[in-house]
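Note sheet for the following structure.
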Ligand SMILES: Nc1ncnc2c1ncn2[C@@H]1O[C@H](COP(=O)(O)OP(=O)(O)OP(=O)(O)O)[C@@H](O)[C@H]1O
Ligand SMILES: [Mg+2]
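Protein chains in written order, with my numbering: chain A, 93 to 323; chain B, 7 to 487.
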């Protein structure tokens, strides 16, 4: 069942084609890894899928709706309702506590509920750090808060741009473990990574190069494999 | 959550927000201070202006005098706290017979004079006790009196008209009449006229001792007075009586005194000794008057007598004064109110200029505050670009961002307004005490007004910065370092 389809999508900055005629297809519940050298257009693609940017050419169908020509207001709504975002640099509101940061996401989505936010923090193992400010948390802890924030509204699609890029191995594994839990719950995951170990956890790997899809491989074992098997 | 977010933003980012708060509070302080002064200036300056003398006078209608009752009725028109003083004046001519001096004396109330004419400068003190006199500097110089000198003041009844009594149309035959009139250089000429049984003048005696001896004095001699004998009052100068060459004024005065002479026998000359307790220096006409209390004047003249004029010092602007004036007019008590235009006009002009100045300064401060707040907010927003991008990525709509920052701004506005209202009052108080030397009362209404204005100013100054925030592209700011 199709969740997302990119048809001949290009993103052109002046002379530079950050994305060049990319067509991919993602089914509901799939776990995709996107790899490629620096500057190959991974983040550009994620921004387009994440409704934060529009393609220069081509169609982006999400749930059968072409989002490539929507107004930015509409894009904000789609992002809010369907997508959870995780960034390499964590990005938290630095004057709000961990639990408040999670609640911000609830606030924009529907109604902030502290109990639910605390539960999400428990899930990423940070129940006892709920009242700490970002500056009082380690990088790994911050990223886990961001995972909790991304999953709090039960999005259909989680987009993570190098979520483990700034993490040590232990924290990387915790995050991967959370991803595979989400995957089992049926959430669609698209994860940009440089790390082959992270890529291996996904069902399918798409490699970009110079804005084009250079390679697509299926990981035979993936989907059933638990991230914990990487521990 | 909204409140939690913006209060957290204010509380946990204290130093940054303090700068913004400070600029708002300073703006609000100066604004509320200036507004307070703006509204207080008329009161303050009004009180100041009252130092420059009366701004309204009450005159008797139809040449009569002002009765105490009529004056009191008129004074009842004024709001108690606006009537600063009301000084009565009754003018009478008094003589110092031995020194051959005659001058105008004003009977008045010295307590009130000090209120209506605070600028009077008195060497010595104002009279407080019976038979004390305040002498104008001019007179003091001319007749050479000093503090503690004793002046023998004499009241001589003059013509009936100036006594305020109705003159008999035909002088009673066989009576002896007395009268007086102003001759050369303000000196009084007094006459005593005896009529025969048919009403013809039998004798005229003239006291011209206040005139120059050599010339004016001729009018007291028989060559002049004999001309009156056998004539009937009124006598015509030029046909009945010939003018003494070189003593035109005195001749005319004698004729006037004879024609005005009355037979109020009871009015005899009265003399009392007064002690000079003060010399008045005003730089104005007042210097050629002597001032005694109304009571002393009544005793000296033998009658209470009405007032010739009443000077009022009213703490009110011109239009309010005009309202009072027409209210007095409406009483129909024969009292004629007049504004001292010279005073009220200049007061009004100075006031409106001062208010315009304060208004201008207020406008400039308002503008500066807005620029300052706007710049601060601009800095705040650019510092929080990442956060704003993140909020948008998390699904904040443009209006959501607007509401949040406007909320923050308005909260700052409220805090700044409260601070500003309090500090502004202190500021206004400081200015008032130092510049005007009087304190101001706190206007409770100013607190909500300052808060509202401060909110509005902050809100408006934040519009541009907030628009900047809305324009932030999350994809750009969230991208790597
Ligand atoms: N806003 C922009 N304006 C101009 N060029 C851009 C812009 N955003 C990205 N690019 C260019 O597009 C190309 C793709 O950038 P992108 O950020 O997608 O690379 P990436 O694959 O995510 O790289 P990395 O692994 O370093 O994050 C790069 O050459 C980049 O310089
Ligand atoms: Mg990238």
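All residues carry an ideal CB built from backbone N, CA and C; glycine is no exception.
* So, helix, strand or coil for residue 300 (chain A), using DSSP? -> Against the first chain, residue 300 (chain A) aligns to sequence position 208. In the structure shown, residue 300 (chain A) sits in a strand (DSSP, three-state: E or B).
* Go to residue 119 (chain A), then tell me how far its beta strand (DSSP E) extends in each direction, as first and last residue. => Your numbering for residue 119 (chain A) matches position 27 in the first chain. That run of the beta strand (DSSP E) goes 108-119.
* Asked: DSSP on residue 289 (chain B), reduced to helix/strand/coil?
  -> By 1-based counting over the second chain, the position of residue 289 (chain B) is 283. It is coil, neither helix nor strand.
* Asked: If the cut is a Cβ gap below 8 angstroms, which residues of chain B does residue 115 (chain A) touch?
  -> Here residue 115 (chain A) is taken as the residue at index 23 of the first chain, counted from 1. Here the premise fails: no neighbours, minimum Cβ distance about 22 angstroms.
* **Stretch pair the segment 205-221 of chain A + the segment 230-247 of chain A: three plus CB contacts closer than 8 angstroms** => yes
* Asked: Near residue 227 (chain A), what residues of its chain come up, given a Cβ to Cβ distance below 7 angstroms and the 5 sequence neighbours on each side ignored?
  -> Translated into the one-based positions of the first chain, residue 227 (chain A) becomes position 135. The answer, listed in chain order, is 186.
* Asked: Is residue 172 (chain A) close to chain B, meaning its C-beta is less than 7 angstroms from at least one C-beta of that chain?
  -> For this step, residue 172 (chain A) is matched to residue 80 along the first chain. Chain B contact via Cβ: present.
* **Cβ-based burial, residue 132 (chain A) [other Cβ within 10 Å; buried from 16]** => The sequence position of residue 132 (chain A) within the first chain is 40, counting from 1. Counting Cβ neighbours within 10 Å, residue 132 (chain A) comes out buried, since at least 16 surround it.
* Proximal residues to residue 161 (chain A) (C-beta, below 8 angstroms), its chain only, five neighbours per side dropped -> Numbered from 1 along the first chain, position 69 holds the residue referred to as residue 161 (chain A). So the list reads 146, once near-sequence residues are dropped.
* To do: Pick out whichever of B:314, B:405, B:195 and B:216 has its Cα sitting closest to the Cα of residue 105 (chain B).
  => One-based indexing of the second chain puts residue 105 (chain B) at position 99. Minimum Cα distance to residue 105 (chain B) is reached at B:216.
* Asked: Closest Cβ-Cβ distance between residue 453 (chain B) and chain A: below 7 angstroms?
  -> The residue you call residue 453 (chain B) lines up with position 447 of the second chain. Judged by the 7 angstroms Cβ criterion, residue 453 (chain B) is not in contact with chain A.
* Quick one: list the residues of chain B neighbouring residue 135 (chain A), beta-carbon separation under 7 angstroms, in chain order. => In the first chain, residue 135 (chain A) corresponds to position 43, counting from 1. Within chain B, the residues 485 have their CB atoms less than 7 angstroms from the CB of residue 135 (chain A), given in chain order.
* Distance between residue 303 (chain B) and residue 297 (chain B) (C-alpha atoms, nearest Å) -> By one-based count along the second chain, residue 297 (chain B) stands at place 291. By one-based count along the second chain, residue 303 (chain B) stands at place 297. Distance between the alpha carbons of residue 297 (chain B) and residue 303 (chain B) is about 9 angstroms.
* Would you list, in sequence order, the uninterrupted beta strand (DSSP E) runs of no fewer than 3 residues that lie entirely inside the segment 212-279 of chain A? => Listed in chain order, they are 249-253.
* **Touch test, the segment 54-63 of chain B against the segment 310-321 of chain B, Cβ-Cβ under 8 angstroms, three pairs minimum** => yes
* Under 9 angstroms between beta-carbons, which chain B residues line up against residue 192 (chain A)? List them in chain order, please. => Translated into the one-based positions of the first chain, residue 192 (chain A) becomes position 100. Those are 7, 10, 11 and 14, listed as they occur along chain B.
* To do: Give a yes or no on whether 7 angstroms exceeds the smallest Cβ distance from residue 19 (chain B) to chain A.
  => The count along the second chain starts at 1 and reaches residue 19 (chain B) at position 13. Cβ-Cβ to chain A under 7 angstroms: yes for residue 19 (chain B).
* Determine, using beta carbons only, whether residue 226 (chain A) comes closer than 7 angstroms to chain B. => Here residue 226 (chain A) corresponds to residue number 134 of the first chain, with the count starting at 1. No, residue 226 (chain A) lies away from the interface with chain B (no Cβ there is under 7 angstroms from its Cβ).
* Rounded C-alpha distance that separates residue 99 (chain B) from residue 222 (chain B) -> Numbered from 1 along the second chain, position 93 holds the residue referred to as residue 99 (chain B). Numbered from 1 along the second chain, position 216 holds the residue referred to as residue 222 (chain B). Their backbone Cα atoms lie some 19 angstroms apart in a straight line.
* Asked: Is there a Cβ from chain D that is less than 7 angstroms from the Cβ of residue 426 (chain B)?
  -> Of the protein chains in this structure, namely A and B, none is chain D.
* To do: Evaluate contact between the segment 115-130 of chain A and the segment 186-196 of chain A, counting only Cβ atoms and requiring at least three cross-stretch pairs below 8 angstroms.
  => No: the two stretches stay apart, fewer than three of their Cβ pairs being nearer than 8 angstroms.
* Asked: Which chain A residues sit within Cβ distance under 9 angstroms of residue 397 (chain B)?
  -> Taking the first residue of the second chain as position 1, residue 397 (chain B) is located at position 391. Per Cβ cutoff of 9 angstroms: 185, 196 and 200.
* **Nearest-angstrom Cβ-Cβ length linking residue 114 (chain A) and residue 305 (chain A), presumed shorter than 8 angstroms** => Reading the first chain from its first residue, position 22 is the one you call residue 114 (chain A). Reading the first chain from its first residue, position 213 is the one you call residue 305 (chain A). That belief holds up - the Cβ atoms of residue 114 (chain A) and residue 305 (chain A) are roughly 6 angstroms apart, short of 8 angstroms.
* Collapsed DSSP secondary structure at residue 359 (chain B) in the structure displayed -> Working through the second chain from its first residue, we reach residue 359 (chain B) at position 353. Of the three classes helix, strand and coil, the one that applies to residue 359 (chain B) here is helix, per DSSP.
* Using a beta-carbon distance below 7 angstroms, is residue 144 (chain A) in contact with chain B? -> If you number the first chain from 1, residue 144 (chain A) lands on position 52. Chain B contact via Cβ: present.
* Asked: Under a Cβ-count criterion, where at least 16 other Cβ atoms within 10 Å of its own Cβ denotes burial, should residue 331 (chain A) be classed as buried or exposed?
  -> Residue 331 (chain A) is absent from the structure shown; chain A starts at 93 and stops at 323.
* Quick one, which of A:125, A:149 and A:158 has its alpha-carbon nearest residue 95 (chain A)'s? -> For the purposes of this step, residue 95 (chain A) is taken as residue 3 along the first chain, with counting starting at 1. Residue A:158 is the option with its Cα nearest to residue 95 (chain A).
* Could you give the distance in angstroms between the alpha-carbon of residue 99 (chain A) and the alpha-carbon of residue 154 (chain A)? -> Counting from one through the first chain, the residue named residue 99 (chain A) turns up at place 7. Counting from one through the first chain, the residue named residue 154 (chain A) turns up at place 62. Roughly 11 angstroms separates the two Cα atoms.
* Do the segment 383-398 of chain B and the segment 470-481 of chain B make contact, defined as three or more Cβ pairs closer than 8 angstroms? -> yes
* Along the chain, where does the alpha helix (DSSP H) that runs through residue 53 (chain B) open and close? -> For the purposes of this step, residue 53 (chain B) is taken as residue 47 along the second chain, with counting starting at 1. Residues 20-55.
* **Simplified DSSP assignment, three categories, for residue 237 (chain B)** => Position 231 of the second chain, counting from 1, holds the residue named residue 237 (chain B). If DSSP states are grouped into helix, strand and coil, residue 237 (chain B) belongs with coil.
* To do: Verify the CB distance criterion: does residue 139 (chain A) have a CB-CB separation below 7 angstroms to chain B?
  => Taking the first chain and counting its residues from 1, the one referred to as residue 139 (chain A) is at position 47. Taking Cβ atoms only, chain B reaches closer than 7 angstroms to residue 139 (chain A), which makes this a yes.
* Which one or two residues does DSSP pair with residue 284 (chain A) in a beta bridge? -> The residue given as residue 284 (chain A) occupies position 192 in the first chain. Answer is A:126 and A:253, bridged to residue 284 (chain A).
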